[in-house]
Structures are given as C-alpha cells and as structure tokens.
Amino acid sequence: MLGRKGALSGRCMFELQQCCSLSSSVPPPELPRLHYPAGSGRRKYRTGQEAGTMSSAQISRILKANEYSHTLPRGPASHGVLGFHSNMLPSNHPGEDRRSSATCLPGRGGVLFGVFDGHAGPACAHTVSQRLLYYIAVATLPLRMLAELEQAVEEERAIPPLLEWHKYPQDHSCLDGGENSFHSLRNYWQERLEDEDKEDEEVVEEEDEEEDGGRVTSALVNAFRRLDYDLSVEAQVHLSVSSPRRLSLPGEGMSLSSPLRVALSGCTACVAHISNGVLHVANLGDSRAVLGVQESDGSWSAISLTNDHNAQNPDELQRILGEHPPSEWRTVVRHDRLLGLLLPFRAFGDVRFKWSAEMLNRVYETRPHVMSVVNEAVRTPPLHYLTPPYLSAQPEVTRHRIRPSDKFLVLATDGLWELMHRQTVVQLVGEQLTGLQQQGPLIPGAGLTLGGLQRLLLERRGRVLSVLEDENTTTHLLRHALGDDGYGAVAPNRLAKMLSLPAELARRYRDDITITVIHLNEPDL
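My numbering puts the last residue of the sequence shown at 527; the count rises by one with no breaks.
This is the structure in structure tokens:
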C-alpha cells in the first residue's frame, strides 16, 4: 500500500489486497539540554558465565546476520543523507525490536529512519514500524496532494507511492489486515482535508524556514498521536465484533498483527526526519538519537537530541505527577515504573494504561483469557488504576539544522545505551569512518610505564583490527558493546560468551539491540 522499493514503477493502489499490504515489492540492492549519561545500570554482567567456545567466523556470522547498508543517490532527493548502516541483535525470542527507513516521494519529500523497541511481545513494534512512516508522509503532504490521493481512490485509479522503502530482505514485512490499515490511513487524510482550510495551505507554502520547522514538528506529533489513536480504535472494534467465546479459548493465539494483540502490547519509537538539511527527531520512550560532531581539531563530540521518558528524567517524572491528583502521587510511579509495571512513560499501544477503568474491567470480565493470550504480565488489571490515561503517545520533537561538522546520527534502542556511553559510541563510529587517521603516530609520553605502553599498544591493535573486520558501522558498535575489555578494545572470550548465552539466560544480561547510523554531508571525512 502506497509504498515501493527500488525504481519509481508499478501500480500501488490496491497493494493492500496482497500479503504485504504496508510494504513494497522488491528489495533494493544492496538543543540540547539533554544530560543523561550512559546506561541505567539495570543489568549486571558476569564475565564468568559458562558458554561454549565460538570461532571468530561464528561470532562474525551472528553479528552480521541482520546488518544492512544502503547508499542514497547524490542529489536533492537525498536531502543531505549519504546513506546509512543498520543492524539488529535480538535477545528476546522472538526479538521485540524493529527498524524502518524510507524516502518520502511526493511533496517536499524527506528521508525517514526509525527504531522501535517493543515490550509485552513484538506485535506493537512490528505494526508501528510499518505504519508510522505512512502517517508521517500523510501528515507532511500538502493538502492538494492529499486531495489527489482521495480522488484517485474514489475513481479506483492507481495511487502514486508515498514511500520508497529501504528494507533489509529478512526484516519482518508482511502484515495481516492490510485493508483495515489502509482504511485508517485514508480516514486520517480525509480528516486533514476536512479540518484544514485550503487557503491556509497557500500560506504554508510561503512559510519561512522557522515556521516550516514548526510545521514539520506539528506533523510529527500529529502522526504519532493519530496512529496510536487508530490502534486503540481498531482494537475496540475487534473486541466488539468478535465472539467472546472465540477470543477466550485458552492456548489459542492471535496473529502478530491482530488489532487486540497490537494494542495490548506496546513499543517506544525514535524517528528521524531529514529534509533539505534540517533534522527533526521525534522520540517516544527511552530509545535515543545522538549526533556525531567532528570538531575543528579532528576530535569527536556527542550531542544528545532526545530525552529519556522514564523515571530517571526529573522533568518527565514531574509531568506524570502533574497529570494526576496528589492522592495518587505515591502510586502513579512505584519502583521507577508507571503504576509499578511499565518502565517507559510514553509509548504506542499499552491500552491497559490508557483505556477507561470501566472499559478495562469489561474486557477482563467478559474476555478473561484475552490478556493472558498476549502476555502473562497483563493477566490482571493494574493496581491503583484511578485516573487514566497514565501513558502518553505524544512524542518530544527536537529540530536541528545540519552543519558541516555534523557527520552522522545514531538512532538506537536502549539495549545499546545500557552498555555504552554516547561519547564512546560516537568515538567508535568516528574512528571507523576516519580509519583512525586522527590518532597519528604512537609517541610515548613522559612517565608512561612499560605496562602502560603495552596496554596502549594492545588497545591500538584491537581497535585497528575491529575497524578492518567490520565495514558496517553498526556491526562495529555491536562488537564493542558486547565484547568491550575495559580499555577500548574487544575481548574475544567475553564477546563469545555474550553471544552464546542460552535463550533463557540472554535476556538477563542484555536487551534486544537495534542501531541505525545515518551518514551526513561529505563522504570523505
């Protein structure tokens, strides 16, 4: 539906009747008052964990299984994006992270990238990763183009694609219920046509740069909120038309894109929109966007473009408390979790933190097994559920004009940031991009002991070897995140142990990790 991969060809209107209704056909060939440091320290790692031995080839095969690289053609259509590297390493089985990237084709265009961290199952992240970019495209299109889309649908003509997807062939892409997804998206653009005056659109076309940035910010917020609203409505419709007996059969599962399963699970989202050299980042939850800046002396700096929406952020904690009466202040957030249950304070889905108490009670009473079919953690209603909604799907948006010194943007789920500080991430990416050129010759300083010199040489050797081993920047980050020896190099034994942990143990030591590194400006840094 409304998407493509590869060249500008093919009819797109009723793609929704095919299996991959929100995907495209053929895969392509190959600011900041932000102050949150490294990981949250929620997990501890025991290097002594017994694990089978793994060869370097086996390690690389695991690390590179989901890596993907794509180069954008030079010219205005790339909006200053040279290309990107991406990779995913699951810990959960099945993995709950997802990623998306696409180019907006009509209108002013732009390039979109997103990482999505699911919880209570992968269903919500799976759906949001495939639908959100369409909502953003609709939210940013001029009204006259939306009118052309609507007319084409009414006349049953082919619709020009909204997105050109850049997808790794093995990424999950097939959705059930594509027709419902299309109807929800169409309702969204119909409401935009009804709610906005076309005379206002003429003014928007002549906006200055600052006002245009406000337009994109508003569009991103509206797209996030509208998709979350549609997920909730689709789940309610599903409940109303489905047989209670049918939904309540123990052990009977629901498909990954079942509206109820999607809405009962949840996901965070961090999306970058880049258009004509201007970057907007919309964040919902605790994934992060970090800008890699190369200073005039060749050194690297990390600039955070997102805030974490959890209890570690004092502003976010105050926002949550301010939305509920003082009588609930001791129960709204307990053990650093929303109602003692959920870590992120903003997310898609998770309707049991959003629906009215009456509706939730009705679901639990009439469909006693529905919740447990999705996830055991949602088997009982939340305690102290008095003044919903408790969870928000409104993203926090940051705008940044890209400068020549801004070389890359790192989007990653919290699995990476729990293991690595943002400065370390930027340093590793920068060193790989420059081939360690900025380090220069090794000149022992005064007072450097023999042991210190040996350690420095080993660190240098380890970094050079890992740079040569991984052409994909995100694979390079994964290798260091899991195998860091404490001196900036990779310890093969530690890396092997982290990758060979049994499925039932892996989640105790690390989260799913998804990383996308977007390369900006000149290719030769």
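Glycine included, every Cβ here is placed at the ideal spot set by N, Cα and C.
- The residues 195, in chain order, have a CB closer than 7 Å to that of residue 149 in the same chain once the five nearest residues on each side in sequence are set aside.
- When the Cα atoms are used, residue 340 and residue 510 turn out to be separated by approximately 21 Å.
- With a cutoff of 7 Å on beta-carbon distance, residue 112 and residue 106 are scored as near each other.
- Taking the C-beta atoms as reference points, residue 302 is found no nearer than 7 Å to residue 132.
- Per DSSP, reduced to three states, the secondary structure at residue 356 is coil, with no helix or strand assignment.
- When rounded, the separation of the alpha-carbon atoms in residue 412 and residue 404 is 14 Å.
- Membership of residue 184 in the alpha helix (DSSP H) is indicated by the continuous run 180-197.
- Distance check between residue 163 and each of 186, 508, 104 places 104 closest, using alpha-carbon atoms only.
- DSSP, read as helix, strand or coil, puts residue 117 in strand.
- As the crow flies, the alpha-carbon of residue 472 is around 27 Å from that of residue 298.
- Restricting attention to 366, 496, 180, 387, the CA atom closest to the CA of residue 336 is found in 387.
- Restricting attention to 95, 293, 73, 100, the CA atom closest to the CA of residue 410 is found in 293.
- Using a C-beta cut-off of 8 Å, the segment 133-142 makes no contact with the segment 416-431, since fewer than three inter-stretch Cβ pairs fall below that distance.
- The segment 476-483 makes contact with the segment 80-98: 3 or more CB pairs, one atom from each, lie closer than 8 Å.
- In the DSSP assignment, residue 278 falls outside any beta strand (DSSP E), carrying neither H nor E.
- Contact between the segment 230-242 and the segment 60-70 is absent, with fewer than three C-beta pairs closer than 8 Å.
- Judged by DSSP secondary structure, residue 500 falls within the alpha helix (DSSP H) whose first and last residues are 494-501.
- At a Cβ-Cβ threshold of 7 Å, residue 125 and residue 227 do not count as neighbours.
- Going by C-alpha positions, residue 153 is about 22 Å away from residue 221.
- For residue 296, DSSP records a beta bridge to 302.
- Secondary structure of residue 88 (DSSP, three-state): strand.
- Nearest neighbour of residue 385 by Cα position, chosen from 180, 60, 333, turns out to be 333.
- Every alpha helix (DSSP H) of 4 residues or more that sits fully in the segment 397-430 is shown, in chain order, as 416-419.
- According to DSSP, residue pairing for residue 522 in a beta bridge involves 83.
- Rounded to whole angstroms, residue 291 and residue 519 show a C-alpha spacing of 10 Å.
- Taken through DSSP and simplified to helix, strand or coil, residue 307 comes out as coil.
- Contact between the segment 263-279 and the segment 230-237 is present: 3 or more CB-CB pairs across the two stretches fall below 8 Å.
- Excluding residues up to 5 positions away in sequence, 334, 389 lie with their Cβ nearer than 7 Å to the Cβ of residue 326 in the same chain.
- With fewer than 16 other CB atoms across the displayed protein chains lying within 10 angstroms of its CB, residue 156 is exposed.
- DSSP, reduced to helix, strand and coil, places residue 516 within a strand of the structure shown.
- Within the same chain, 311, 347 come within 6 Å of residue 318 by CB-CB distance, once the 5 residues on both sides are set aside.
- Per DSSP, residue 71 is not a residue of any alpha helix (DSSP H); the beta strand (DSSP E) it occupies stretches across 70-73.
- For residue 333, the three-state secondary structure derived from DSSP is coil.
- Between the segment 348-355 and the segment 272-279 there are fewer than three C-beta pairs closer than 8 Å, too few to call the two in contact.
- Shown here, residue 271 sits in a strand according to DSSP, grouped into three states.
- Contact check for residue 488 against residue 497 fails: the beta carbons are separated by 7 Å or more.
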